[in-house]
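A quick write-up on the structure given underneath.
2 protein chains.
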Amino acid sequence: MSAKSDPGRSLALLWGSHTRPGRSGLTIRAIVDAAIELADAEGLDAATMRRVADKIGVGTMSLYTHVPGKTELNDLMVDTVIGELYTGVDDPAGHGGWREGLRYVAERNWDLSLRHPWLLDATGGRPTLGPHAVLKYEAELRVLDGIGLTDLQMDSVLTLVLTHVEGVARSHAGLARAQRDSGLTETEWWRATAPVLERVMTGHDFPVAGRVGEASSQVYQASADPAHAFAFGLDVILDGVQRLIDAPR
Amino acid sequence: MSAKSDPGRSLALLWGSHTRPGRSGLTIRAIVDAAIELADAEGLDAATMRRVADKIGVGTMSLYTHVPGKTELNDLMVDTVIGELYTGVDDPAGHGGWREGLRYVAERNWDLSLRHPWLLDATGGRPTLGPHAVLKYEAELRVLDGIGLTDLQMDSVLTLVLTHVEGVARSHAGLARAQRDSGLTETEWWRATAPVLERVMTGHDFPVAGRVGEASSQVYQASADPAHAFAFGLDVILDGVQRLIDAPR
DNA sequence: ATCCGTTGGCGTACACCGTACGGTACAGGC
DNA sequence: GCCTGTACCGTACGGTGTACGCCAACGGAT
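Sequence lines, in order, name chains A and B. Numbering of the first sequence is given in the working numbering, commencing with residue 5 and proceeding in unit increments. Numbering of the second sequence is given in the working numbering, commencing with residue 5 and proceeding in unit increments.
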């Protein structure tokens, strides 16, 4: 039983106050904020222990006095930005019926992923279960409370919507990163790739893919449009949920 | 204009035959296969250039004679395992109506992600557009051809289903990795975490989250069940697509 | 006022990573 | 038999997370 994956230690850290300063004024909050700023500006990979420490002006290893390791720092970063979601009285359940509420939940999560694209890289695996994550879960579930769904269905519907948002947000973040790394906009890349692809595909036959691919790429000037995928998928999912409410299985 | 992100070079590599051996019999195919074996066994992080070379029995830098860099090797790995999907006459469009076909597509992609969890880490960003990826796109689109959807809707519906599968598969892979790294099964982890979470949450009030969270965690003996999320979400999405077909917008 | 145990801060070191660079030795054309 | 192109590879560089051990400053007891 190693101390490596002790859930209690990580949870206590997450639910702590993070305000007690050390000798040089070093605080958990300051460490987390610096790491978030770095990740916002240059991606999660840029939030290395060395660069976080440099940004604050302390030695690298001083961070380990306040944070057990990189993993726990990531957890703290995640729960901190989740705190941006529903602050105070901004209750998703007060936005009309379940459909408007669910749409609001999806849009707020989408916005959050646009502000902090690294969130998608930092999550995955066991959930974080920090205070803001639990608050988020509560606020989002309230949207679906009392409309005729079982508790399990409420959880499943919420998970479905959040999975959809996470998927399209990941797609968006991936394209944005590719654009930054390559220096080519999506349109430029597609203009450069399409002719090469067409030439290399000569001899093979893809009737449907050719027709559909050309149609959608002409509309988006690219190979995919995450914003459209977000809206289209959300509409379809909400229609499916409507059916679930109308005709419970 | 650097050669770093030249789409033509990467495409030519993907559509090549990969069979011409060098002096010591070193082949692109052998390199890719070794990398896939490593990634299957220990995750994408284990497929380092050094370990791939060691596995084949050549020097690390010899790989760079056949592959421009790690990025291109990843692309080759991805397109290679995508080739496992619809081999030969196994056509998703021959599985009944669009609903059964779409379900078949979802299940085959789900299976593939279970066999090669690293796929989810290797994709993202611009699509790979190798021969097997294009073949997959064609085969999957045929399921939706001629049922009253526009070309754009066909592409959007397919994207929606694949995004859903990718999302729940990523969730599954994350939990599996957490289980391997921590040595705790999902049930064990939840049994260890739940009481701590309950104690740390005393003083706060989460009525709906408490009720729903307890209900679902009692069913799954965990905090989430990707297999259930896969099935539930797919049903809801298919219902929503049904509505789209019935009442085009 | 002095001493001492505790603790915050940090410098160094280790084992990894991708890959740029330059050297070596072999295969095939003449 | 010689020459040349290239397959192969050893070394090195700058990066990563963090284990370990040292130092200095603080708080409390005497």
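Heads up, the beta-carbon is just placed ideally off N, CA and C, and yes, glycines get one too. Since this is a predicted model, take the numbers as computed values, not measurements.
Whether residue i touches residue j by CB criterion (7 Å)
i: A:L48; j: A:A57; result: no
i: B:D83; j: B:H22; result: no
i: B:I32; j: B:M81; result: no
i: B:W114; j: B:L148; result: no
i: A:P96; j: A:A143; result: yes
i: A:A173; j: A:S117; result: yes
i: A:P11; j: B:T189; result: no
i: A:V200; j: A:A110; result: no
i: A:V216; j: B:D155; result: yes
i: A:S160; j: B:F236; result: yes
i: B:A255; j: A:L145; result: Residue 255 of chain B lies beyond the residue range present for chain B, which begins at 5 and ends at 253; the question has no answer from this structure.
i: B:R55; j: B:T64; result: no
Reference residue i, options the options, closest by Cα
i: A:I35; options: A:G171, A:E142, A:M205, A:H70; result: A:H70
i: A:R27; options: A:V204, A:P11, A:V62; result: A:V62
i: B:V229; options: B:L164, B:D243, B:L179; result: Per the sequence shown, the amino acid found at residue 229 of chain B is Asp instead of Val. Of the listed residues, the one whose Cα sits closest to B:D229 is B:L179.
i: A:A233; options: B:R119, B:M158, B:T189, B:G29; result: B:M158
i: A:L238; options: A:L145, A:E170, A:D94; result: A:E170
i: A:V223; options: A:R13, A:D125, A:T191, A:V240; result: A:T191
i: A:M205; options: B:W19, B:R13, B:G12; result: B:W19
i: A:T127; options: A:E104, A:E88, A:E76, A:T64; result: A:E76
i: A:G152; options: A:L30, A:S14, A:D250, A:L42; result: A:D250
i: A:W194; options: A:D125, A:S227, A:T64; result: A:S227
i: B:L133; options: A:M65, A:P211, A:E202, A:L248; result: A:E202
i: A:L124; options: A:A43, A:H99, A:S14, A:L106; result: A:A43
i: B:W122; options: B:N78, B:E104, B:Y108, B:G129; result: B:N78
i: B:P211; options: A:F210, A:R247, A:V138, A:E88; result: A:V138
i: B:Q183; options: A:H168, A:R181, A:A177, A:G129; result: A:G129
i: B:K74; options: B:S14, B:G105, B:H168; result: B:S14
i: B:G87; options: B:P25, B:R112, B:A177; result: B:R112
i: A:A177; options: A:A231, A:D209, A:R24, A:P72; result: A:A231
Min CB distance residue i to chain B below 7 Å
i: A:T167; result: yes
i: A:I249; result: no
i: A:W194; result: no
i: A:G63; result: no
i: A:L48; result: no
i: A:W19; result: yes
i: A:D149; result: yes
i: A:Y141; result: yes
i: A:V36; result: no
i: A:G105; result: no
i: A:P131; result: yes
i: A:M158; result: yes
i: A:A182; result: yes
i: A:L80; result: no
CB contact below 7 Å: residue i versus chain A
i: B:S28; result: no
i: B:V212; result: yes
i: B:V204; result: yes
i: B:L201; result: yes
i: B:A137; result: no
i: B:A219; result: yes
i: B:D1; result: Residue numbering for chain B in the displayed model covers 5 to 253; residue 1 of chain B lies beyond these limits and cannot be assessed.
i: B:V109; result: no
i: B:A7; result: Confidence at B:A7 is low in this model, with a pLDDT of 41, below 50, so its placement is unreliable and the value that follows should be read with caution. Cβ-Cβ to chain A under 7 Å: no for B:A7.
i: B:E76; result: no
i: B:A173; result: no
i: B:F236; result: yes
Presumed contact (8 Å Cβ cut-off) between residue i and residue j, rounded CB distance
i: A:K59; j: A:Y90; result: Wrong, their Cβ atoms sit about 29 Å apart, outside the cutoff.
i: B:V240; j: A:L248; result: 6 Å
Residue environment, residue i, which counts as buried when at least 16 other CB atoms sit within 10 Å
i: A:D243; result: buried
i: A:D94; result: exposed
i: A:R120; result: Going by the sequence as given, residue 120 of chain A is His instead of Arg. Under this definition A:H120 is a buried residue.
i: A:A16; result: exposed
i: A:V245; result: buried
i: A:S175; result: buried
i: B:G29; result: exposed
i: A:G207; result: exposed
i: A:P131; result: buried
i: B:S6; result: Annotation note: pLDDT 38 at B:S6 (below 50); position unreliable, coordinate value reported separately. Answer is exposed; the Cβ neighbour count stays below 16.
i: B:R107; result: buried
i: B:G100; result: exposed
i: A:A38; result: buried
i: B:G98; result: exposed
i: A:G105; result: buried
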